[in-house]
Each structure stands twice: as C-alpha cells, then as structure tokens.
Amino acid sequence: MKTFLPIAAVGALFALTGTALADTAVSAVTDLNVRAGPGPQYPIIGLLAAGQRATLNGCLENSKWCTIAEAQGQGWVYSDYVTAEFGGSQVILTQRPANSGVAIVAAPDEGGGGAGMVTGGATGAIAGAIIGGPVGAAVGGAVGATAGGVTGTVIDPPEQVRTYVAAHQDAPVYLQGEVVTGATLPETVRLREVPDYEYRYVNVNGQLVFVEPQSRRIVYVMR
C-alpha cells in the first residue's frame, strides 16, 4: 500500500532548469515527511516510508531540499534521508557526485497568489538545526533494513499518552533539517513533560515527536 499521500493542491510547485536524469529512482532510508515546499515550515503532505521508492525530479541549488514524484503526486524531501544510484553505488543524495546530472530546480513561486502558492505555506523562523539522523544506516546496503531505518531505542507510546500530547502541544519550533527517528534536538529546544511518563515531547517543524530526555534523541514521530 502506498504511504505517500500528497494533497491535490500541490500542483506544479516547481519548474526544472536544466536536464534531469531520466527516471532517477530514490529510496528513503527512514520514514520521511514529504512537504509542500522546500523547507521545514511547509505543510506535510505525505510520507515516504523507509525503503519506499520515488522518482527524483531535481534539487534546489546549494540546498538539501529535492523534489520527488510518484503515481499519486509530487512533493519535497530532505536529501540527507534518501539514496540514489550513482556510478553503480547507492549514495546518500546529499553526498552525490558533482557530475551526477541531477537537475537544479527553482523554488515554488509564492508571489501573487498564482499556481505556485501553497495554502498554509512557509511561516516561522528557523531557530537552529536538527543534529544527525539515520544517514549511516544507508552505508553498506542497509537502506531501509528496519522500520524507520534506524537502530537504537524506538518506542510505541500508549494511546493515553498520545491523546495527552495532542491536547497539550505548543506552537512549532522550526529547525533546519527534517524530523526523523534517531535525530537529536539541540539544547535550545524546550522539551515538555508527560505526567508519569519517562519521555518528553515537543512540536518540531509541525510534527509532534517524543524525545529521550538525556540524549535528546527522537525516539518516536507521531503521524
């Protein structure tokens, strides 16, 4: 079953500048948000599951945000958490060779209320950066080997905890990068407590996450 479920309003978010490699396939190394635009402030419109494949359309110049497409639509993903084949080897898209041939794409045009405008688009200031994530899991052919694409502590919060968190969430904190299990939050991000529960939570980039308080590592992403 497909888990990338973009909204119809995405439409033509971008225009290619240059020639893309034909049918360049990418694969997620972890459950990865698909967003309506190139940045953490843009709405989440779908999910590219660990190991799921899509077609790469191109990437913004000097940026880690890239466009993908599949049968149900198109969107933007963070290139640290997808791989593609270059020179016969699977490579993290961020680390692709300079002569990869990946197209440079233009950012969505949000001016004038035209077709490029995204409803509920980018708002909020970037307050830091998410640290690391499951990039190392992609080395040596381990891409998508586990659910979420990472090893270590992964939790499944009880229903009553999820209900509490959903009802007691703050405004999002926006950080450079993408919310994935295994990534670490900077010390500047305030974590909230759940009564009688060992893990903390916070809204990062519009996504509620549970965090191990000592390491500040994301151990669960609420979807």
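Mapping of the sequence shown onto mature numbering (1 follows the signal peptide of the UniProt record, and there is no 0): residues -22 to -1, 1 to 201, in sequence order.
Idealized CB from N, CA, C, for every residue including glycine.
Applying the 10 Å Cβ sphere with the 16-neighbour rule, what's the burial state of residue i?
i      : result
ARG168 : exposed
VAL182 : buried
PRO136 : exposed
GLU176 : exposed
THR159 : buried
How about residue i and residue j: do their beta carbons lie closer than 9 Å?
i           : j      : result
residue 206 : LEU163 : One cannot answer for residue 206 here, as it falls past the ends of the chain, which runs -22 to 201.
THR33       : VAL4   : yes
PRO18       : LEU38  : no
VAL55       : TRP43  : yes
VAL199      : ASP9   : yes
THR131      : ARG195 : yes
GLY24       : VAL12  : yes
residue 256 : ARG74  : Because the chain in this structure spans residues -22 to 201, residue 256 falls outside the shown range and cannot be described.
ARG201      : VAL189 : no
Hey, is residue i close to the ligand PLP, as in C-beta under 8 Å from one of its heavy atoms?
i     : result
LYS42 : Because no ligand of any kind appears in the structure shown, any question about the ligand PLP cannot be addressed here.
Taking the C-alpha atoms as reference points, what is the distance between residue i and residue j?
i      : j      : result
GLU48  : SER78  : 21 Å
VAL187 : VAL197 : 8 Å
LEU71  : VAL151 : 26 Å
GLY66  : THR2   : 13 Å
VAL157 : ASN35  : 22 Å
GLN192 : THR166 : 14 Å
With DSSP as the reference, identify every bridge partner of residue i, one or two as the case may be.
i     : result
LEU25 : ASN11
Using 8 Å for Cβ pairs, my map puts residue i next to residue j. What's the rounded Cβ distance?
i      : j      : result
GLY106 : ALA161 : About 12 Å separates the two Cβ atoms, so there is no contact after all.
VAL139 : VAL172 : 6 Å
VAL83  : THR45  : 6 Å
GLN185 : ILE22  : 7 Å
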